[in-house]
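As they're listed, the protein sequences go chains A and B.
The numbering used here puts the first sequence at residues 65 to 299.
The numbering used here puts the second sequence at residues 94 to 242.
From the three backbone atoms N, C-alpha and C, an ideal C-beta is built for every residue, glycine too.
In what follows, a structure is listed as structure tokens, so that the remarks can point back to it.
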Amino acid sequence: MVPVLGLARSGPPSTARGAMSLSEPSRGLAALSSPAVNEPAVDEVESLVSRAAGGDDQAWSALVERFAGLIWHIARTSGLASADAADVSQTTWLRLAEYLGALREPSRVGAWLATTARRESVRVARLAGRRVVVDPWSELERVQADGPDADAALIEAEESLSVQQALAEMPVRCRDLLAGLLGDPPCSYSELSARLGLPIGSIGPTRARCLDHLRALLSKSEFGSDAISAGRRWS
Amino acid sequence: MSEHDELFDRLKRATRLAEVPPPGVLRQALDAFAWRGISTALAAVDYDSAIDDDDSARVRAASRDRRLSFRGNLGVLEVSVIDDGQRLVGRVQPARPGEVQLRYPGRTDTAVADGFGHFVFESVEPGPVSFCWQPEDGASGFDTEWVTI
Chain A
65 MVPVLGLARS
75 GPPSTARGAM
85 SLSEPSRGLA
95 ALSSPAVNEP
105 AVDEVESLVS
115 RAAGGDDQAW
125 SALVERFAGL
135 IWHIARTSGL
145 ASADAADVSQ
155 TTWLRLAEYL
165 GALREPSRVG
175 AWLATTARRE
185 SVRVARLAGR
195 RVVVDPWSEL
205 ERVQADGPDA
215 DAALIEAEES
225 LSVQQALAEM
235 PVRCRDLLAG
245 LLGDPPCSYS
255 ELSARLGLPI
265 GSIGPTRARC
275 LDHLRALLSK
285 SEFGSDAISA
295 GRRWS
Chain B
94 MSEHDELFDR
104 LKRATRLAEV
114 PPPGVLRQAL
124 DAFAWRGIST
134 ALAAVDYDSA
144 IDDDDSARVR
154 AASRDRRLSF
164 RGNLGVLEVS
174 VIDDGQRLVG
184 RVQPARPGEV
194 QLRYPGRTDT
204 AVADGFGHFV
214 FESVEPGPVS
224 FCWQPEDGAS
234 GFDTEWVTI
């Protein structure tokens, strides 16, 4: 599993992985054992945007590594077949390349990408007859039209989106840790300890700090408040 | 169940159904960087029939033609995508002769705009495109945003 987080492990172009490690210089144990993990990751994202705007292609690769899954998710859950979703994704990244230096809030690039992808998905979904490979309306759309499950399905889709957006904005080390824990099967603490170079005893506390960080990001995000109440309802 | 475990469960639910983008999609995203900042004056989409027309307007139009307009400080570029997306006809304003480029992520087509600013592209391919307008008299032209056609 870990589709969103596990991008780097699932065989993307090697440059994405290489660039990620280069552009996120390993802060090693210090980052994980100190409160640095709790620093707002938006700063990290903001710096990637400004470096990419200055021509740093490794920063661009790191942005792709973080947000490509989110954009793909938005396009696919808009009911687009993969060829159309691929066009939406490509247009969204071309738009970002175009506006890189002109974003009003570089720290909110995740929200900017999500909005752009959503709008572009609507365009493409409405182009009747355009290269229809499969039924363009997803299961979700049918459920919505039909009845009592509609609200739950919609809430679930929004919840999934806001959580994925928050995850994409997390510091790299937190994302690596959570990816391991969300794996199918999940990594054991000893595997994680070896992979991340962390003492076993600090994995639990680091997980807790990362989850606190995630909660903070969620409560700041656009759909945060809805998503949190939805989450409570299901718990 | 602790607060952290609840949040972790939300995380599991949220990532459960997500798909990994195919490698080609990631490659295209990486390649988009080549288009960084080449635009100086950018004309943004200010009308798109696919979004701005309501259902009844689309029915009245009785056509699947797509109409798009890009507006910037230096002018307006309007296009219609016709013949099932195969042809693209358009015009620039202020009207004058010049050259229009139809840019795909991997290649560029060129058409001549006549004295009325009219131009045509044949054998148009679906996908992301943008336009670049350069008047013949050497006055400043402009680029448009990328849009999916």
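Nearest C-alpha to threonine 237/B among Leu135/B, Asp139/B, Gln186/B: Leu135/B. Close partners of valine 185/B in chain A (Cβ separation under 9 Å) are lacking, with about 19 Å as the shortest Cβ gap. Listed along chain A is no residue with a C-beta nearer than 9 Å to that of histidine 211/B; the closest approach is about 24 Å. Counting along the chain, alanine 136/B sits inside no alpha helix (DSSP H); it lies in the beta strand (DSSP E) bounded by residues 135-141. For the region 169-199 of chain B, the beta-carbon criterion of a distance under 7 Å to any beta-carbon of chain A is satisfied by Gly178, Pro198. Cβ neighbours of glutamate 108/A within its own chain (closer than 7 Å, five residues either side excluded): Pro235. For valine 227/A, the nearest CB of chain B lies under 8 Å from its own CB, placing it at the interface with that chain.
Inclusion of glutamine 154/A and proline 114/B in the CB contact set at 8 Å is not warranted, their separation being larger than that value. Judged by beta-carbon spacing, threonine 108/B lies beyond the 8 Å limit of leucine 177/A, meaning their Cβ atoms are not closer than that value. For aspartate 124/B and serine 95/B, the gap between their C-alpha atoms comes out near 44 Å.
For glutamate 192/B, the three-state secondary structure derived from DSSP is strand. For valine 128/A against alanine 204/B, the beta-carbon gap comes to about 32 Å, at or over 8 Å, which does not count as contact.
Among the residues facing chain A, arginine 159/B is included, as its CB has a counterpart in that chain under 8 Å away. Those residues of the region 169-189 of chain A placed with their C-beta closer than 8 Å to a C-beta in chain B are Arg183, Glu184, Val186, Arg187, Val188, ordered along the chain. Residue state for glutamine 154/A is assigned as helix, using DSSP reduced to three classes. With its beta carbon at least 8 Å from every one in chain B, leucine 281/A lies outside the interface. Isoleucine 175/B and glutamate 215/B have their C-alpha atoms some 10 Å from each other. As DSSP reads the structure, aspartate 124/B sits in no beta bridge. For isoleucine 175/B, the three-state secondary structure derived from DSSP is strand. In the three-state reduction of the DSSP assignment, serine 266/A falls in the helix class, which pools H, G and I. Secondary structure at alanine 145/A: coil, using DSSP grouped into helix, strand and coil. With 16 or more other Cβ atoms inside 10 Å of its own Cβ, phenylalanine 224/B counts as buried. Cα atoms of phenylalanine 163/B and serine 226/A: separation of roughly 31 Å, rounded to the nearest angstrom.
Rounded to whole angstroms, the Cβ separation of glycine 174/A and phenylalanine 131/A is 6 Å, and the two are in contact under 8 Å.
The three-state secondary structure of serine 162/B, taken from DSSP, is strand.
In this chain, the alpha helix (DSSP H) harbouring valine 173/A covers 173-190. It is roughly 27 Å from the alpha-carbon of valine 172/B to the alpha-carbon of glycine 143/A. One alpha carbon belongs to serine 254/A, the other to histidine 97/B, and they sit about 20 Å apart.
Around the Cβ of glycine 168/B, a 10 Å sphere holds 16 or more other Cβ atoms; the residue is buried.
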